[in-house]
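Here the protein sequences line up with chains A and B, keeping their order. First residue of the first sequence? That's 8 in the numbering used here, and the numbers climb one at a time after it. First residue of the second sequence? That's 47 in the numbering used here, and the numbers climb one at a time after it. Shown next, in structure tokens, is the structure this report addresses.
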Amino acid sequence: MKRLLDSAAVARGLDRMAAQIAEKGADFAFVGVRRGGEPLAEALARRVTAETGHEPALGSVDITLYRDDAATALPSPRIGPSHVPFPVDGRRIVLVDDVMFTGRTIRAALDAVLDYGRPRRIELCVVFDRGGRELPIQPDYCIDRHDVAPDGHVEVVALPDGGFEVVELTRAEHAARRTAQPGGESS
Amino acid sequence: MSHAAESQHPSGGRQGRHGHRHLLETAGLSEADAHRILDAAETFFEVSRRPMRKVPTLRGKTVINMFFEASTRTRTSFELAGKRLSADVINFSGSASSTTKGETLRDTIATMEAMNPDVLVIRHSASGAPHHATHYTRAAVVNAGDGTHEHPTQALLDAFTMRRHKKELRGLRVAICGDVVHSRVARSNIHLLRTLGADVCIAGPRTLLPSGPEWLGVPAYDRVEPALEGADVAMMLRIQRERLTGALLPSMREYSRTFGLNPRRLALCKPDCLVMHPGPMNRGVEIDPEVADGAQSAILDQVEAGVAVRMAVLWQLAAEPHEPLPG
Chain A
8 MKRLLDSAAV ARGLDRMAAQ IAEKGADFAF VGVRRGGEPL AEALARRVTA ETGHEPALGS
68 VDITLYRDDA ATALPSPRIG PSHVPFPVDG RRIVLVDDVM FTGRTIRAAL DAVLDYGRPR
128 RIELCVVFDR GGRELPIQPD YCIDRHDVAP DGHVEVVALP DGGFEVVELT RAEHAARRTA
188 QPGGESS
Chain B
47 MSHAAESQHP SGGRQGRHGH RHLLETAGLS EADAHRILDA AETFFEVSRR PMRKVPTLRG
107 KTVINMFFEA STRTRTSFEL AGKRLSADVI NFSGSASSTT KGETLRDTIA TMEAMNPDVL
167 VIRHSASGAP HHATHYTRAA VVNAGDGTHE HPTQALLDAF TMRRHKKELR GLRVAICGDV
227 VHSRVARSNI HLLRTLGADV CIAGPRTLLP SGPEWLGVPA YDRVEPALEG ADVAMMLRIQ
287 RERLTGALLP SMREYSRTFG LNPRRLALCK PDCLVMHPGP MNRGVEIDPE VADGAQSAIL
347 DQVEAGVAVR MAVLWQLAAE PHEPLPG
């Protein structure tokens, strides 16, 4: 396991991204991409609230039904709930995910959000961009990026103290982690 | 979730000789498989309440509804379920088709098979017809009601409705009342509810009950009162008029008086007892209008649940890639 970003670096990065997002206007909503993006969207919303005194709306989308391989590759995955408890029409939406990789997850998340209405604008915020894009989709906000070999796994790990760190796992380490947490998804 | 590693087929214990998954019956459906369908249905229930009630999941998949027996609600429910998943849904109704011209079920299925469907939803008056059909198609087969055998999606939607209202199915007292012996709904419900740990009993006139004090492992009563006493769910079955001509019932009025669910009998159940009916109901026969429209009635919730549960079933079955027919 290799640490790509320690918790102090992630915390600084989240502070900076929250400030950049809030700077562009108060009328926006965070939508976390389940499951990795959900706690990060919450962390960003807390920072924006502390910074501006204005609490942004918060939702989440599950992309299982929108995957481009939904009909062939996944016989019985668990589908999680999507929860968008606010009108999307005309609003600025900030999609939040943990790790940016092929772009396919975000493509699916965009379709999921668009099914709730017609936002004025959608922006993308991720913690770590590991390269390897298969679709022309790029983040608007990102703490750090560098290319990771295709067979490596990058994960944002939630720490017991409420912070996050970014780690790179080898194939074997990742497989061990997946069996320990059934139903887990990663980029 | 790995596909190959473990059996997670909503197949009713039967996997089809082409290794395909089908939903033919609730008998043999494991508790884990049943919960997997019900859990997925929760998500589809949410989708069905969005302003945009469609997801792209089964784009490019084909579902053929083959209803050899008249049905409006079940067919509509399957049709909507397929369409909300973006599948192409074709309706084939038996009465307006080649079957009336003498084609065998086997040939009709083979004809449909040649059009490469992913799922065949089959209702037929002959028990076992959907199972028979699995031999002539690579598609996944869903039993939408076959004779007096089973109607698995009805039982799943009933369980879904109960779970939403009562949270926990284990230990729930369910009374199934009416024409039990001819009812595929009753059969599917008894199998599924027992698997899910509910405490089921059946009641009805002796001519419409199986002989013996017990059937499929549940107690049978020839009066509805002992079944309704303390019930969490009162499930009334439709009384079919043809039972009168078969001399199984004296008259609808007498049936209503002796076995119908009226406010007085409902008072025997728990105060928060759920009233259910698979429809279409005979108001004033098996169920009093006051009860059918009352606060405890979940009859329209069942209809809404039907679309979500069928989306979950279609999704699980159509999400498997085709395999070539052997030989």
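Don't be surprised by glycine CBs; every beta carbon is placed ideally from N, CA and C.
Residue span of the beta strand (DSSP E) that contains residue i, given as start and end
i, result
"Ile-136 of chain B", "134-139"
"Phe-135 of chain A", "128-136"
"Arg-99 of chain A", "99-107"
"Met-322 of chain B", "320-322"
"Lys-9 of chain A", "9-12"
"Phe-91 of chain B", "Segment 77-94 is the alpha helix (DSSP H) holding Phe-91 of chain B; no beta strand (DSSP E) there."
"Glu-172 of chain A", "171-176"
"Ile-345 of chain B", "Unbroken run through Ile-345 of chain B is the alpha helix (DSSP H), 345-364; no beta strand (DSSP E)."
"Asp-76 of chain A", "Per DSSP, Asp-76 of chain A belongs to no beta strand (DSSP E) and is neither H nor E."
"Val-375 of chain B", "Residue 375 of chain B lies beyond the stretch modelled for chain B, which goes from 47 to 373, so this question has no answer here."
"Ala-293 of chain B", "First-last for Ala-293 of chain B: undefined, no H or E at that position."
"Phe-305 of chain B", "Counting along the chain, Phe-305 of chain B falls outside any beta strand (DSSP E), though it belongs to the alpha helix (DSSP H) covering 298-305."
"Ser-67 of chain A", "64-68"
"Gly-39 of chain A", "35-40"
"Arg-169 of chain B", "165-170"
Residue-chain proximity (residue i, chain B), Cβ-Cβ < 7 Å
i, result
"Asp-122 of chain A", "yes"
"Ile-86 of chain A", "yes"
"Leu-102 of chain A", "no"
"Gly-191 of chain A", "A caution first: Gly-191 of chain A carries a pLDDT of 43, below 50, which makes its placement in the model too unreliable to give a value."
"Pro-82 of chain A", "The pLDDT assigned to Pro-82 of chain A is 46, lower than 50, so where the model puts this residue is not dependable; a value taken from the coordinates is nonetheless given after this. Interface residue, yes."
Alpha helix (DSSP H) segment containing residue i, residue limits
i, result
"His-228 of chain B", "Premise fails: His-228 of chain B is in no alpha helix (DSSP H) and is neither H nor E."
"His-160 of chain A", "Where His-160 of chain A is concerned, there is no enclosing alpha helix (DSSP H), although the beta strand (DSSP E) it sits in stretches over 160-165."
"Ile-113 of chain A", "111-121"
"Ala-273 of chain B", "271-274"
"Val-155 of chain A", "Run containing Val-155 of chain A: none; DSSP gives neither H nor E here."
"Leu-47 of chain A", "44-59"
"Arg-311 of chain B", "309-312"
"Val-337 of chain B", "335-338"
"Met-208 of chain B", "198-212"
"Ile-144 of chain A", "Premise fails: Ile-144 of chain A is in no alpha helix (DSSP H) and is neither H nor E."
Check whether residue i and residue j have beta carbons under 7 Å apart
i, j, result
"His-237 of chain B", "Thr-120 of chain B", "no"
"Leu-363 of chain B", "Ala-127 of chain B", "no"
"Glu-130 of chain A", "Thr-109 of chain A", "no"
"Lys-212 of chain B", "Leu-218 of chain B", "yes"
"Ala-116 of chain A", "Ile-70 of chain A", "yes"
"Ala-344 of chain B", "Leu-320 of chain B", "yes"
"Ala-14 of chain B", "Ala-160 of chain B", "Here chain B has residues from 47 to 373 only, and residue 14 of chain B is not among them."
"Leu-131 of chain B", "Met-327 of chain B", "no"
"Thr-241 of chain B", "Glu-88 of chain B", "no"
"Val-246 of chain B", "Leu-239 of chain B", "yes"
"Asp-153 of chain B", "Ala-185 of chain B", "no"
"Val-227 of chain B", "Pro-272 of chain B", "no"
Chain-ordered chain D contacts of residue i [CB-CB under 9 Å]
i, result
"Glu-92 of chain B", "Structure shown: chain D not included; protein chains present are A and B."
Neighbour flag for residue i against chain A, beta carbons, 7 Å
i, result
"Ala-86 of chain B", "yes"
"Thr-241 of chain B", "no"
"Met-98 of chain B", "yes"
"Thr-89 of chain B", "yes"
"Val-227 of chain B", "no"
Supposed close pair residue i, residue j - CB separation, criterion 8 Å
i, j, result
"Asp-154 of chain A", "Arg-137 of chain A", "7 Å"
"Val-40 of chain A", "Val-68 of chain A", "6 Å"
"Ala-25 of chain A", "Leu-51 of chain A", "5 Å"
"Pro-126 of chain A", "Ile-100 of chain A", "5 Å"
"Gly-193 of chain B", "Ser-229 of chain B", "Contact doesn't hold; Cβ gap of about 11 Å is too wide."
"Val-91 of chain A", "Gly-66 of chain A", "4 Å"
"Phe-90 of chain B", "Ala-190 of chain B", "Not really, about 18 Å apart at Cβ, beyond 8 Å."
"Pro-265 of chain B", "Pro-259 of chain B", "7 Å"
"Val-164 of chain A", "Val-106 of chain A", "The Cβ separation is near 11 Å, so there is no contact."
"Asp-225 of chain B", "Leu-283 of chain B", "5 Å"
"His-61 of chain A", "Ala-15 of chain A", "Not a contact, Cβ separation roughly 27 Å."
"Leu-215 of chain B", "Ala-201 of chain B", "12 Å between Cβ atoms; not a contact."
Check: residue i C-beta below 6 Å from any heavy atom of the ligand GTP
i, result
"Arg-184 of chain A", "No copy of the ligand GTP appears in this structure; indeed no ligand is present at all."
Contacting positions in the region 98-122 of chain B - beta carbon closer than 8 Å to chain A: Met-98, Lys-100, Val-101, Pro-102, Thr-103, Leu-104, Arg-105, Gly-106, Lys-107
Interface residues of the region 132-143 of chain A facing chain B [CB-CB below 7 Å]: none
Residues from the region 102-119 of chain A in contact with chain B, defined by Cβ distance under 7 Å: Asp-118
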